[in-house]
Structures are given as structure tokens and as C-alpha cells.
Amino acid sequence: MSKDDNSVHIFQGLLILGNVVIGMCGIALTAECIFFVSDPHGLYPLLEATENDDIYAAAWIGIFVGFALFSLSVLGITGVIKSNKTLLLVYIILMLITYAFEMASCITAATHQDFLTPNLFLKQMLERYQKMETDNNNDKWMSEGVTKTWNNLMLQNHCCGVHGPSDWQKYASAFRSSYNDADYPWPHQCCVMDARGSPVNLDGCKLGVPGYYNSNGCYDAISGPMNRQAWGVAWFGFAILCWTFWVLLGTMFYWSRIEY
Amino acid sequence: MLPLLLLLATAPGADGLTSIDYVPTLANETLEGRITTSTFVLEQPRCVFTDAQPGTHIWLVVALDAAAERFDAGTMPETPRLAFQTFPSNTAYATLGTSIANYPCPPRPGDFTVLRVGSETACRSDPNRPSCNGPLPGPGPYRVKFVAWDNVTAQAQTHWSEPITLKTALQADNLPVTAGGHSTGMIILTAILSILFAVLLACLVALLASWCSNSYGSSSIFSKPDAVTVRRYNTHHVYDQPAARL
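Protein sequence lines correspond, in order, to chains A and B. Per the working numbering: the first sequence = residues 1 to 260. Per the working numbering: the second sequence = residues 1001 to 1246.
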């Protein structure tokens, strides 16, 4: 009898351990998703202007799923210790619902990451940066967001355009229709700035003399944080779900063995 | 024959202008703004007009490639025939007139020895500034040459440059925005998660089905009572203690 009791206790211990890990991962997922939603790099307006901000939706879902996982793991531990069939059934059903939501979040984040290409941001930059004649309030809001974000990007990361300053020469843009080519071959934010925020040598910048303008593109500064966000949400969520799968299977098996 | 040819090369031409054997060139390739959609950058004519007197003015003449041959170098700059404001209908204009003293030979170290053609935007419609260095109105092609003037007559001219064609901006509408397809990672993730979820749902359904059929007394999947079952955990084992303990 004691040997059988021992194996039952071991199984209970395993389930409790599984639930503890789920709880901790849930808190970690919530913290990670709150970090992403807070947009530390200020790139959200770029996604908002593409009218597809799925990786942010996935992060929002992640916040609530993480909290739910934590709460349900506490419920699960209680249910296993008390061997209460009702508690465990509630736990299993709610966990499956949470599982479905987390699955949606992971798949959304992974799918949206494939959508973020250099040409997407290039086209958006050419169409919206410094766009003066906007059609409606929504257009105005998005264009202002894109303009502000690009100005910050170029100044803080010392970069210019998506691939380089040649983007402004190679393609027609909203910027070009407001700012003539002779005075602004590329935006003045591409110039090397002094401590007060004005170009060190404006003529050198307009000529394109190395050292007076930023010649590298900003795509790395955009795609780096976005890819990290997409991967963080999608694959961490995937890992949690793989672990949760085994804990749920074990719990279902345990539930089927409980006798009233 | 050869001395005669040499004499012809340096002798004044038919209109009294000395022909200088220099072809104006675009600036060094490291400049990003060497050619834009309305400007281009030339090398300054340093050490070119070696025989010029102090006080000579060097003018840059920009002409449409097709009309370059018809240009008369004796035309006075800053007159309506060579005004920037009516270019390209007058097929050529003169600009960037400056004293030869601004092109010292040899160049001082640290000098920018380039000329940006098209940098002045303020005067492009101002008829009082016919020598405005305004932005070029189209992609060209253009040819340029330098002409040296004293106060009244043209003294010397260089050769025409090679045709210079400016950049043309493409429309951004045709940029292909969509990625090639779905990445491998996303497909694997979706497939594995879907399978796991399906397995869980199947187990849940089987569990509930067996529980329902069990509770209604009919034959169930787990017909043989298992050797190990889980008891409700009771904190007090008092009721389980054998009576002999007393």
C-alpha cells in the first residue's frame, strides 16, 4: 500500500511542480508583454500607420494570459493537493481556454513578423514622412506619428532612410513634394548634429561629404526591436504551451483516477 | 605639320578665344550628393586658366546637350540671353561667376575644391539675378564649360564636358511590399500548437465521455478497477488507525 501511496504522492508532486513552473512562467510572460506594450523604442506609430499592429495585439493578449496562467496554477495546486474532482475539472477547462488564447497570441506574433519587410517601411516612409496635404484626421494622425518617429529614429540612431540617404533620391516622396531637392537632398535630420541639435556643416551634409551626414540606413534600428518582440512573444509562449500540454495531460490522467 | 597643329591648339580661335585643353568633370565619387535630381557637383577649375591675368572672372556655362554646339562663347554673362530664369528655352545660362583669385593654384590643404551647380533656390524666379545658380529644371542631359572673361571680352574657354544626366525619381507605388511567403518557423509553430491543442481537446472529450457513462452505470473504458487509486486526502488519519493501537 505504501508503495502505491508513494507513487501517488510522487505523481502529485510532479503535478504541483508543473503548476509551479506554469505560474512562474505566467508571471514572466506578463512582465515581458508589459515591457513590449510599453514600446521603449517608440516604434508603435510606424506599425499603427501600416494599419496592422498584430504584434502589439499579441503582446496585449500575452499580458492577460500570463496572469490567467498564474491564477490557474494556484487553482491547480489546490486541486491536486485536495484531490477534488470539481476543482480539477474547472482547472482543466479554464486552462484549455487560456491555452487557446495563448495559441492565438503566438501564431499572430509569428505570422506578423513575416509581414515586416524593408519595403513596407520604405513605402510608408516615402508616403507619410512630412506629408502636408492629408485627406482626413486619421491620415493626419498617422502621418504626424510617422514623421515624429522617423525624426527621433534618425537623430537618435544616427541613420538616414531605410537603406540610406539614397532612398530620398531614388524615389518620389511626400517629403520631396514639400521640400525641394536642391536645399534638401535628404532630410536635415540625416546630418551629423552638434550638441545644440543643428547640423555641424549643412553644406557638407547637402553635398554628401563623408563625416557630415549619416550614410547608413535605419532598417536595423526598426527591425531589431520588432523582431525581438515578435520572437519573444511567439516562442516563449510556445515553450510555455509545450510545458502546459504535459501538465494538462497529467492532470487529466490524475482526474480520471480520483474516486469519490 | 606637327608644329602647325600645336600652334592651332593654343592659338586664339575664330572668335578670339583661347581654347584651354581641359574637360570639366564631376566631383570625386565619394560624395553622396554628386548627382541628385536637380543638382550636380563639378570639380573646380584649379590650375586650368594658367595664363589668366588677375581680375579675370571665370564663368560656368550650363547648356542642354542637344544645343551645346550652337553656343556662342562670346555672349556676355548676366544678360537675358544667358539668364537662368529663362532656361531651358534659351538653351544655356551662365552662373557661378567668380574671380580667378578664388581658384588658387595649387589648392590650399583642406579646401573644398568642388562647385555645386543648382544650390541657390531663393533667386530662381528673380529676374534681377540672371546669374542665379538655380536648381536644374529637368534630368538633362547637360554639358558644362568654363569661360574666362575680363571686363569686356571673353578670353578663354575650356572644352565641353561629357553629357551629365541627373537622377530621376521612381514612383513608390510599385514597391513590392508583401514578403515572399510564411517563414519556416511560423509554420512549425502553428502546426505543433494545433496538434497539441487537438490532442488536449480529444483527451478532454474522452475523459468527459467516460465519466458520464461511468456515472450512468454502463460499461466504461476503465472497467477493471485499477490497483492504484487516489483517495481523498484526509488530514486526520484517526479513522484509519487500527483499533489495536489503542
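Every residue, glycine too, gets a C-beta built ideally from N, C-alpha and C. Being a predicted model, the structure only gives us computed values, none of them experimental.
Outcome for residue i when other beta-carbon atoms lying within 10 angstroms are tallied against a minimum of 16
{"i": "residue 1224 of chain B", "result": "Because residue 1224 of chain B sits at a pLDDT of 48, beneath the cut-off of 50, its placement in the model cannot be relied upon, and the following sentence gives the value as read from the coordinates. The residue is exposed, with fewer than 16 neighbouring Cβ atoms inside 10 Å."}
{"i": "residue 253 of chain A", "result": "exposed"}
{"i": "residue 1187 of chain B", "result": "exposed"}
{"i": "residue 1221 of chain B", "result": "Caution is warranted here: a pLDDT of 46 is assigned to residue 1221 of chain B, below 50, making its placement in the model unreliable, and the coordinate value is therefore given only provisionally. Residue 1221 of chain B is exposed by the Cβ-count criterion."}
{"i": "residue 1216 of chain B", "result": "exposed"}
{"i": "residue 1030 of chain B", "result": "exposed"}
{"i": "residue 95 of chain A", "result": "buried"}
{"i": "residue 143 of chain A", "result": "buried"}
{"i": "residue 247 of chain A", "result": "buried"}
{"i": "residue 1049 of chain B", "result": "buried"}
{"i": "residue 54 of chain A", "result": "buried"}
{"i": "residue 10 of chain A", "result": "exposed"}
{"i": "residue 1023 of chain B", "result": "exposed"}
{"i": "residue 1219 of chain B", "result": "Only weak support is given to the placement of residue 1219 of chain B: the predicted model assigns it a pLDDT of 46, under 50, and the question is left unresolved by the model."}
{"i": "residue 1067 of chain B", "result": "exposed"}
{"i": "residue 1106 of chain B", "result": "exposed"}
{"i": "residue 103 of chain A", "result": "buried"}
{"i": "residue 82 of chain A", "result": "exposed"}
{"i": "residue 127 of chain A", "result": "buried"}
{"i": "residue 181 of chain A", "result": "buried"}
{"i": "residue 227 of chain A", "result": "exposed"}
{"i": "residue 1077 of chain B", "result": "buried"}
{"i": "residue 1161 of chain B", "result": "buried"}
{"i": "residue 1144 of chain B", "result": "buried"}
{"i": "residue 97 of chain A", "result": "exposed"}
{"i": "residue 106 of chain A", "result": "buried"}
{"i": "residue 206 of chain A", "result": "buried"}
{"i": "residue 203 of chain A", "result": "exposed"}
{"i": "residue 1201 of chain B", "result": "exposed"}
{"i": "residue 1133 of chain B", "result": "buried"}
{"i": "residue 154 of chain A", "result": "buried"}
{"i": "residue 1047 of chain B", "result": "exposed"}
{"i": "residue 1195 of chain B", "result": "exposed"}
{"i": "residue 1199 of chain B", "result": "exposed"}
{"i": "residue 169 of chain A", "result": "buried"}
{"i": "residue 1099 of chain B", "result": "exposed"}
{"i": "residue 1053 of chain B", "result": "exposed"}
{"i": "residue 5 of chain A", "result": "exposed"}
{"i": "residue 35 of chain A", "result": "exposed"}
Counterpart residues of residue i in DSSP-defined beta bridges
{"i": "residue 171 of chain A", "result": "B/1170"}
{"i": "residue 1116 of chain B", "result": "B/1041"}
{"i": "residue 943 of chain B", "result": "As displayed, chain B neither begins before 1001 nor continues past 1246, which places residue 943 of chain B out of reach and without an answer."}
{"i": "residue 110 of chain A", "result": "Looking at the DSSP assignment, residue 110 of chain A forms no beta bridge with any residue, so it has no partner."}
{"i": "residue 1092 of chain B", "result": "B/1063"}
{"i": "residue 1035 of chain B", "result": "B/1040"}
{"i": "residue 1247 of chain B", "result": "Given that chain B is displayed from residue 1001 to residue 1246, the structure contains no residue 1247 of chain B and the question cannot be resolved."}
{"i": "residue 126 of chain A", "result": "Its beta-bridge partners do not exist; DSSP assigns none."}
{"i": "residue 1026 of chain B", "result": "B/1042"}
Cβ-Cβ separation, residue j to residue i (assumed contact under 8 Å), whole Å
{"i": "residue 160 of chain A", "j": "residue 213 of chain A", "result": "7 Å"}
{"i": "residue 255 of chain A", "j": "residue 92 of chain A", "result": "7 Å"}
{"i": "residue 1044 of chain B", "j": "residue 1103 of chain B", "result": "6 Å"}
{"i": "residue 218 of chain A", "j": "residue 157 of chain A", "result": "6 Å"}
{"i": "residue 1137 of chain B", "j": "residue 1088 of chain B", "result": "6 Å"}
{"i": "residue 1124 of chain B", "j": "residue 1141 of chain B", "result": "At roughly 20 Å, the Cβ-Cβ gap does not stay under 8 Å, so residue 1124 of chain B and residue 1141 of chain B are not in contact."}
{"i": "residue 129 of chain A", "j": "residue 172 of chain A", "result": "12 Å between Cβ atoms; not a contact."}
{"i": "residue 62 of chain A", "j": "residue 29 of chain A", "result": "5 Å"}
{"i": "residue 1020 of chain B", "j": "residue 1156 of chain B", "result": "5 Å"}
What ranges does the alpha helix (DSSP H) occupy inside the region 173 to 216 of chain A, keeping only unbroken runs of at least 4 residues that lie completely in it? The region 173 to 216 of chain A contains these whole alpha helix (DSSP H) runs: 174 to 178 and 202 to 207.
Whole beta strand (DSSP E) runs in the region 1119 to 1168 of chain B with 3 or more residues, listed along the chain? Those beta strand (DSSP E) runs which fall completely within the region 1119 to 1168 of chain B and span 3+ residues are 1142 to 1149 and 1154 to 1157.
Anything in the region 1030 to 1061 of chain B with a Cβ closer than 9 Å to a Cβ of chain A? List those residues in chain order, please. Of all residues in the region 1030 to 1061 of chain B, 1030, 1031, 1032, 1033, 1034, 1035, 1036, 1037, 1038, 1039 and 1041 have a Cβ within less than 9 Å of some Cβ in chain A.
Against chain B, which members of the region 197 to 212 of chain A pass a CB distance test of less than 7 Å? For the region 197 to 212 of chain A, which is checked against every Cβ of chain B, the residues closer than 7 Å are 206, 207, 208, 209 and 210.
What are the complete beta strand (DSSP E) segments, minimum 3 residues, inside the region 135 to 169 of chain A? Entirely contained in the region 135 to 169 of chain A, not one beta strand (DSSP E) run reaches 3 residues.
Can you pull out the residues from the region 168 to 193 of chain A whose beta carbon lies closer than 8 Å to at least one beta carbon of chain B? If you check each beta-carbon in the region 168 to 193 of chain A against every beta-carbon of chain B, the ones closer than 8 Å belong to 169, 170, 171, 172, 173, 176, 180, 181, 182, 183 and 185.
Anything in the region 126 to 147 of chain A with a Cβ closer than 7 Å to a Cβ of chain B? List those residues in chain order, please. Here the close residues are 126 and 127.
Looking at chain A, which residues of the region 1165 to 1188 of chain B have a Cβ within less than 7 Å of any of its Cβ atoms? Listed by position along the chain: 1167, 1169, 1170, 1171, 1172, 1175, 1176, 1177, 1179, 1182, 1183, 1185 and 1186.
Could I get the ranges of all uninterrupted beta strand (DSSP E) runs contained in the region 17 to 57 of chain A, with 3 residues as the minimum, in chain order? For the region 17 to 57 of chain A, not a single whole beta strand (DSSP E) run of length 3 or above is found.
With 7 Å as the limit, tell me which residues of the region 41 to 60 of chain A have their beta carbon closer than that to any beta carbon of chain B; keep them in chain order. Flagged: no residues at all.
Closer than 7 Å, Cβ to any Cβ of chain A: which residues of the region 1129 to 1160 of chain B, in chain order? Those residues of the region 1129 to 1160 of chain B that come within reach of chain A (Cβ to Cβ, closer than 7 Å) are 1135.
Using a Cβ cut-off of 8 Å, which residues of the region 231 to 248 of chain A contact any Cβ in chain B, in chain order? Flagged, chain order: 234, 235, 238, 241, 242, 245 and 248.
With 7 Å as the C-beta to C-beta threshold (strictly closer), list the residues of the region 1075 to 1089 of chain B near chain A in chain order. Within the region 1075 to 1089 of chain B, not one residue has a Cβ closer than 7 Å to any Cβ of chain A.
Taking Cβ-Cβ distances below 8 Å as the criterion, which residues of the region 89 to 112 of chain A are in contact with chain B? Hits within the stretch, in order: 92, 93, 96, 99, 100, 103, 106, 107, 110 and 111.
Residues, ordered as in the chain, of the region 1189 to 1203 of chain B that lie near chain A by beta-carbon distance below 9 Å: Flagged, chain order: 1189, 1190, 1192, 1193, 1194, 1196, 1197, 1199, 1200, 1201 and 1203.
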